[in-house]
Amino acid sequence: MDSTPTSTVPTGAEHRRGLFKAGDQVQLTDAKGRMSTITLQQGKQYHTHKGAFDHDELIGSPEGVVVKTTGGNEYLALRPLLSDFVLSMPRGAAVVYPKDAGQIVQMADIFPGARVVEAGVGSGALTCSLLRAVGDTGMVHSYERREEFAEIAAKNVRSFFGAEHPAWELTIGDLAEKLADDEVDRVVLDMLAPWDCVDAVAKALVPGGVICCYVATTTQLSRTVETLRAHGAFTEPQPWESMVRGWHVEGLAVRPDHRMIGHTGFLVTARRLADGVTPPVRRRRPSKGAYAADYLAEGASPADGTAPDPEFNEDGTVTSSVARRVLP
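Throughout the sequence shown, residue numbering follows the UniProt record's numbering, covering 1 to 328 in sequence.
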């Protein structure tokens with residue numbers, strides 16, 4: 001069925017399909033849904049508290065087979081999905097959860113052949129998703145400040161794809177200081193202070209390019225959005241978060257699971273404007289007090305104080321015209 005020459009097969013594809021072979025990762029699931037992952041090696045055994053089985057029993061078998069230990073325990077054998085791999089991979093830094101990685105790939109429009117810059121490689125979870133999306137003809141240039149995290153990420157990426165990925169470059173250092181790429185299509189920032197990199201990103205991104213920031217707290221979210229908004233080279237930032245709730249389905253007993261994946265982080269996207277273009281002025285007036293006098297977002301100016309607000313007096317009370325509209 002597969003007549004494609006090996007040289008044209010995308011990196012990692014052969015590692016993801018076909019019969020099990022030595023070197024493949026296999027996810028074993030028992031009757032209680034507990035999972036463990038092994039790497040197949042000829043002549044090796046997998047031991048459990050209820051017996052063992054030979055790796056050779058799986059080598060040469062298709063996915064979806066059941067293997068039984070000497071003690072009678074049965075395990076379903078499948079290759080781990082990327083989402084499974086991410087949740088079980090060795091970690092240096094916290095990983096970007098699959099629900100967020102999927103949205104980054106979709107909402108940042110990571111396409112085959114895209115030139116992508118990533119800052120904050122962490123454990124390499126998001127890097128795997130980005131590399132899969134851009135393919136062998138694209139580019140993902142990852143920047144990581146901590147060398148120990150970079151080493152863990154490199155091992156995880158190599159483990160998932162089964163080889164070095166030709167589209168990946170890893171640089172140890174601060175993106176704000178080290179970024180030398182130009183004509184970049186997308187930039188993904190997973191870091192503590194993405195606002196520090198906005199100037200560098202603006203210089204690297206092509207017009208229409210997308211910046212996507214992943215931050216953990218509301219204060220980070222606020223400063224990121226306001227810095228992008230005040231910079232002048234980007235469209236109005238779009239912030240959001242997502243939550244995933246599973247469901248229990250057993251006959252007519254259908255209800256939400258008691259546990260869910262709640263807040264993991266906020267995402268913000270904006271697009272690069274053409275050089276010399278002034279972005280349209282926002283027409284949505286912020287509420288009174290939204291910008292305090294000590295607001296720290298770079299370039300942001302308080303909404304109150306720059307121009308009188310026709311609906312509020314200086315002491316914060318509503319004007320008489322507003323009172324006439326709302327009071328009997």
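Ideal placement from N, C-alpha and C gives every residue a C-beta, glycine not left out.
First through last residue of the alpha helix (DSSP H) which encompasses residue i
| i | result |
| --- | --- |
| G102 | 98 to 107 |
| V277 | Run containing V277: none; DSSP gives neither H nor E here. |
| A125 | 125 to 134 |
| V66 | First-last for V66: 65 to 68, but that is the beta strand (DSSP E), not the alpha helix (DSSP H). |
| T224 | 218 to 231 |
| F160 | 147 to 161 |
| S83 | 82 to 88 |
| V244 | First-last for V244: undefined, no H or E at that position. |
Straight-line Cα distance separating residue j from residue i
| i | j | result |
| --- | --- | --- |
| G246 | F234 | 36 angstroms |
| E10 | G251 | The amino acid occupying residue 10 in the given sequence is Pro; Glu does not appear at that position. Rounded to the nearest angstrom, the two C-alpha atoms are 42 angstroms apart. |
| C213 | K99 | 15 angstroms |
| A94 | G122 | 7 angstroms |
| Q42 | E151 | 28 angstroms |
| residue 331 | A52 | No answer is possible for residue 331: it lies beyond the span of the chain, which begins at 1 and ends at 328. |
| T48 | M191 | 40 angstroms |
| R259 | D181 | 43 angstroms |
| P80 | G64 | 11 angstroms |
| M89 | Q25 | 12 angstroms |
| L19 | A176 | 45 angstroms |
| A253 | G102 | 30 angstroms |
| D257 | H248 | 6 angstroms |
| D84 | L179 | 32 angstroms |
| G208 | V187 | 12 angstroms |
| G72 | G33 | 16 angstroms |
| T8 | E14 | 11 angstroms |
| G124 | T37 | 18 angstroms |
| V66 | K44 | 18 angstroms |
| A154 | L170 | 8 angstroms |
| S321 | T278 | Its pLDDT being 46, under 50, S321 is placed unreliably by the model, and nothing is read from it. |
| L76 | C197 | 46 angstroms |
Pair within 8 angstroms by beta-carbon distance, residue i and residue j
| i | j | result |
| --- | --- | --- |
| L221 | H165 | no |
| W195 | T224 | yes |
| I104 | E144 | no |
| V157 | T137 | no |
| G113 | V86 | no |
| L78 | Q27 | yes |
| E226 | R282 | no |
| G12 | F161 | yes |
| E183 | R115 | yes |
| G92 | E147 | no |
Buried/exposed call for residue i, threshold 16 Cβ in 10 Å
| i | result |
| --- | --- |
| W240 | exposed |
| T39 | exposed |
| H55 | buried |
| residue 329 | Lying outside 1 to 328, the shown extent of the chain, residue 329 is not represented and no answer is given. |
| V96 | buried |
| D275 | exposed |
| S129 | buried |
| D185 | buried |
| A193 | exposed |
| M60 | As written in the sequence, residue 60 is Gly, which differs from the Met given in the question. Flag for G60 reads exposed. |
| H231 | buried |
| R255 | exposed |
| M139 | buried |
| G120 | buried |
| D2 | With a pLDDT of 47 at D2, under the threshold of 50, the modelled position of that residue is not reliable, and no figure is offered here. |
| A307 | Reliability of the predicted coordinates at A307 is poor, the pLDDT of 41 falling under 50, and no value is obtained from them. |
| V268 | buried |
| V201 | buried |
| A163 | exposed |
Top-ranked residue by Cα proximity to residue i, from the options
| i | options | result |
| --- | --- | --- |
| L189 | S142, T171, G208, E183 | S142 |
| A219 | P207, S242, F111, G265 | Sequence inspection shows Thr at residue 219; the Ala mentioned does not correspond to that position. The option with the nearest alpha carbon to T219 is G265. |
| A270 | S242, D109, Q25, N73 | D109 |
| L205 | P237, V117, G124 | V117 |
| T70 | G209, E57, L78 | E57 |
| D199 | L267, L228, F149 | L228 |
| A22 | A154, T278, P62 | P62 |
| G262 | V244, P279, A163 | V244 |
Host beta strand (DSSP E) of residue i (start-end)
| i | result |
| --- | --- |
| K178 | Here K178 belongs to no beta strand (DSSP E); instead the alpha helix (DSSP H) covers 175 to 178. |
| R271 | 266 to 271 |
| F53 | 51 to 54 |
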